[in-house]
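Protein chains: 2
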Amino acid sequence: MASDATGGRPRRITALDVARRAGVSRSAVSRAFSRTAYIDPGKRALILKVAEEMGYRPNALAAGLMRTRSNLVAVVAGEIGNFHDAALVAQLVPALIAAGKWPIVIDGSVDAEDLGTPDIFSYPLDAMIVRGGSVDETLVAACAKLNIPLVFSGCIVEADFVDSVCCLNAGGMGMAADLLVQRGRRRFGYIGGPSSWASERERFAGARARLRAAGLEFVACLSADYTFEGGSRAARDLLSAQQLDAVICANDAMALGALTVARQEMGLAVPVDLSITGFDDIGQASWPCFNLTTLRNPVDTMVARIVDLLLTRLADPTLPGRVAYIEPDLIARDTH
Amino acid sequence: MASDATGGRPRRITALDVARRAGVSRSAVSRAFSRTAYIDPGKRALILKVAEEMGYRPNALAAGLMRTRSNLVAVVAGEIGNFHDAALVAQLVPALIAAGKWPIVIDGSVDAEDLGTPDIFSYPLDAMIVRGGSVDETLVAACAKLNIPLVFSGCIVEADFVDSVCCLNAGGMGMAADLLVQRGRRRFGYIGGPSSWASERERFAGARARLRAAGLEFVACLSADYTFEGGSRAARDLLSAQQLDAVICANDAMALGALTVARQEMGLAVPVDLSITGFDDIGQASWPCFNLTTLRNPVDTMVARIVDLLLTRLADPTLPGRVAYIEPDLIARDTH
DNA sequence: CTGAAAGCGCTTACAG
DNA sequence: CTGAAAGCGCTTACAG
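Those protein sequences? They're chains E and C, same order as listed. So for the first sequence, this note's numbering puts the first residue at 23; every next one is plus one. So for the second sequence, this note's numbering puts the first residue at 23; every next one is plus one.
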């Protein structure tokens, strides 16, 4: 490795280093690493061999300066502690890499406004993928200004350069409500998330609409934070204040908390005395100790749609904003 | 935004665009965005205003060509589906960003060898952080050749440019074994992970050593895959073949699976008939339906150590390889 | 098929 | 305090 005048970290091997050692021009080295460029096969082999020996790789940062693509994609994982969001990111990462894009993962706490702090928009991103139940207008504005395509997952954004993939929340929750009504439940409680989230409002509206269609209203509604603990607290409050025979929860984590409180603290038999449903079908929902009745919000389909929207938009940036709807499936297990 | 000759995506605004509009040189624009450079305050304000209007940000890729740092750090998240590893990545991401580094997250499946596929080493990474129970020699060799500092979490790597942070696995499992021996257990089973993992071998050895100190040996050992389902299967096999009064599991996910099988399928009362312990103290371990006795492998401490090792090494790349050991805490809940 | 040259967008001595 | 110039490491027309 080449030495460094400052005496610190040795500098990275460059194409010129390889060119000198192999007795060719830097252009030849560049061509040896290019799929499309013309170069004598024997010469290419020699260059690749010397490069391998010296530990040379073309510097993607320098190459990116010439190309129109950086292959860098920012992934904003709003609630990375949330089981379902974590599963999404876990599957999205390999899918992006397989598509030749490197995911720079960011948690929701990063402030897009503050120019003084590290700024992800310093990088010429190919695109940004955002997971979240609500739209961060600052992000959308920044992407618009910088002309960075945006893919939203979790809610629908209306803008020219933005694509969205979104679960049919209302329809899904409607199925849960229908199932419970049909089973004979009449006194419904609801545990939701922050009503600032579009996805939350859709889920609530979907459940309420189907209850109303059956001539029913929620007896009580509480909003929590999409966590097991939040669902536990909400269920404790709800079930001690009201006589209920069904609790519809806006996601699985809260439903599992509610289920645990109902059984262990309230001494209720689920599903004999009480029905509980969730949303997402996270891994834990199918654990035999829970066997939660829920709606599958399929991560694999979601990831496939996101990557598809991303690649087609990169291929044609002039495309109008598109929305991919994802159909949730009712998974009727043992808690309804 | 400037138009593009090719008619495709408009190109990004450059310092020259801003310079022209503001009537200054490109150097001045560059200085306006630099903390250290001298520039007239009024001129800086003007430039920043024009830049803001035009949506300009210095391109980190071009800037990185001149600097010694790219601020890009690769995070290899071996088992991103694993609850404990997922929690680690979830906390590591904001910690790195707060330290001014952007995490490019990679799943373990990415092949470091294959030059044809997308190659993370094309980017001049400041460092690489690897989470895993075993060492990928290919990665270590690649980092050595490219002089990229490496921080390992989950096992110890002996090399000049590599720092490791590692839980005291043997000591932790020893505490679990001691607790159960002291409680009067005599017929021990063990559910471990792949024995190719150093962490797995340490955990097993730690438990066995303390059993032997009490004159005991494991009655039966099985190795699974660190998942709830794997732990369930192993427990089914173990408990139907052997009469056991304690099962030590190498992680929490497997312990929760084993606990569920013991109670629901085998009709065993835990902790009356059988003790079960885990390792990690993942969030689910404290759910009231489990209340698992386990060893806390503290994610926050681990993340703090990783970032600390990273920053000190970047400050002085000549440092010898260091190891930060993390003390696990016995969390005695209700399953022992 | 090849090398010399221009240029990608930035930063940083260098003169002034 | 400022601008013109050199240079970071690469790619890509341009002549040959």
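Backbone N, C-alpha and C define an ideal beta-carbon position, used for all residues, glycine too.
Inset, instruction - With a threshold of 16 other CB atoms inside 10 Å of the CB of M293(E), please say whether the residue is buried or exposed. - result: First, the amino acid is wrong: residue 293(E) is Pro here, not Met. P293(E) comes out buried.
Inset, instruction - Pull up the CB-CB distance for R153(E) and G100(E), whole angstroms please, since I reckon it's below 8 angstroms. - result: 5 angstroms
Inset, instruction - For A73(E), collect the residues of the same chain with a Cβ closer than 6 angstroms to its Cβ; drop the 5 residues on either side in sequence, then sort them by chain order. - result: V40
Legend entry - Proximal residues of chain C, C-beta to C-beta of N319(E) below 9 angstroms: Going along chain C, no residue has its Cβ under 9 angstroms from N319(E), so there is no contact; the nearest lies around 17 angstroms.
Inset, instruction - Under 7 angstroms between beta-carbons, which chain E residues line up against R43(C)? List them in chain order, please. - result: Simply none; closest approach about 15 angstroms.
Inset, instruction - Answer with buried or exposed for T58(C), where buried requires no fewer than 16 other C-beta atoms within 10 angstroms of its C-beta. - result: exposed
Inset, instruction - Spell out a yes or no on whether the stretch 236 to 243 of chain C and the stretch 167 to 184 of chain C are touching, meaning 3 or more CB-CB pairs, one atom from each, closer than 8 angstroms. - result: no
Legend entry - Backbone secondary structure at P125(C) - three-state DSSP: strand
Inset, instruction - Could you pull the start and end residues of the beta strand (DSSP E) that S297(E) belongs to? - result: 297 to 299
Inset, instruction - Output yes if chain E places a C-beta closer than 8 angstroms to the C-beta of F250(C); else output no. - result: yes
Inset, instruction - Show which residues of chain C have a CB atom less than 7 angstroms away from the CB atom of A268(E). - result: By Cβ distance, chain C contributes nothing, its closest Cβ being about 20 angstroms from A268(E), past 7 angstroms.
Legend entry - D322(E) - DSSP class collapsed to helix/strand/coil: helix
Legend entry - 8 angstroms Cβ cutoff met for L147(C) and V162(C): No, the pair does not count as a contact, with Cβ atoms beyond the cut-off.
Legend entry - Cα-Cα separation, T299(E) to V269(E): Whole-angstrom Cα-Cα distance: 7 angstroms.
Legend entry - Assigned exposure category for M88(E) - 16 Cβ within 10 Å defines buried: exposed
Legend entry - Beta-carbon contacts of Y212(C) that lie in its chain and below 6 angstroms, excluding the five residues immediately before and after: F240, C243, I270
Inset, instruction - Determine whether the Cβ of E135(C) lies closer than 8 angstroms to any Cβ atom of chain E. - result: Model confidence at E135(C) stands at a pLDDT of 48, short of 50, so the residue's coordinates are unreliable and nothing is read from them.
Legend entry - Contact set for V325(C): own chain, Cβ-Cβ below 6 angstroms, skip 5 residues either direction: Q113, L114, A117
Legend entry - Backbone CA spacing between R223(C) and A337(E) [nearest angstrom]: For the pair R223(C) and A337(E), the Cα-to-Cα distance works out to about 49 angstroms.
Inset, instruction - Using three-state DSSP, classify T315(E) as helix, strand or coil. - result: strand
Inset, instruction - For K167(E), go through chain C and note every residue whose CB falls closer than 7 angstroms to its CB, in chain order. - result: Listed along chain C are G77, each with a C-beta nearer than 7 angstroms to that of K167(E).
Inset, instruction - Apply the 10 Å Cβ neighbour rule to T334(E) and answer buried if 16 or more other Cβ atoms are within range, or exposed otherwise. - result: exposed
Inset, instruction - Give a yes or no on contact between the stretch 302 to 315 of chain C and the stretch 206 to 221 of chain C, applying the rule of three or more CB pairs nearer than 8 angstroms. - result: no
Legend entry - Contacts of N313(C) in chain E (Cβ-Cβ under 7 angstroms): Residues of chain E whose Cβ lies closer than 7 angstroms to the Cβ of N313(C) do not exist; the shortest such Cβ separation is about 10 angstroms.
Inset, instruction - Spell out whether any CB of chain C is found under 8 angstroms from the CB atom of L147(E). - result: no
Legend entry - Check whether N319(C) and R355(C) have beta carbons under 8 angstroms apart: no
Inset, instruction - Can you say whether P350(C) is buried or exposed, counting buried as having 16 or more other CB atoms within 10 angstroms of its CB? - result: buried
Legend entry - N273(C) at chain E interface by Cβ criterion, 8 angstroms: No, its Cβ sits nowhere closer than 8 angstroms to a Cβ of chain E.
Inset, instruction - Give me the Cα-Cα distance between G237(C) and V203(C), rounded to the nearest whole angstrom. - result: 10 angstroms
Legend entry - Sequence-distant residues of its chain with Cβ nearer than 7 angstroms to D107(C) (five each side left out): A99, G100, E101, R153
Legend entry - Neighbour-count burial assignment, P342(C), 16 or more Cβ in a 10 Å radius: exposed
Inset, instruction - Could you check what DSSP says for L352(E) in three-state terms: helix, strand or coil? - result: strand
Inset, instruction - Give the interface partners of G86(C) over in chain E, defined as CB-CB distance under 8 angstroms, in chain order. - result: Simply L83.
Legend entry - Close Cβ partners of A37(E) (< 8 angstroms) along its chain, the five nearest in sequence each way excluded: R48, V51, S52, Y78, P80
Legend entry - Supposed contact pair Y347(C) and L190(C) - C-beta distance, whole angstroms, cut 8 angstroms: 6 angstroms
Legend entry - Cα-Cα separation between I35(E) and I142(E), rounded to whole angstroms: 27 angstroms
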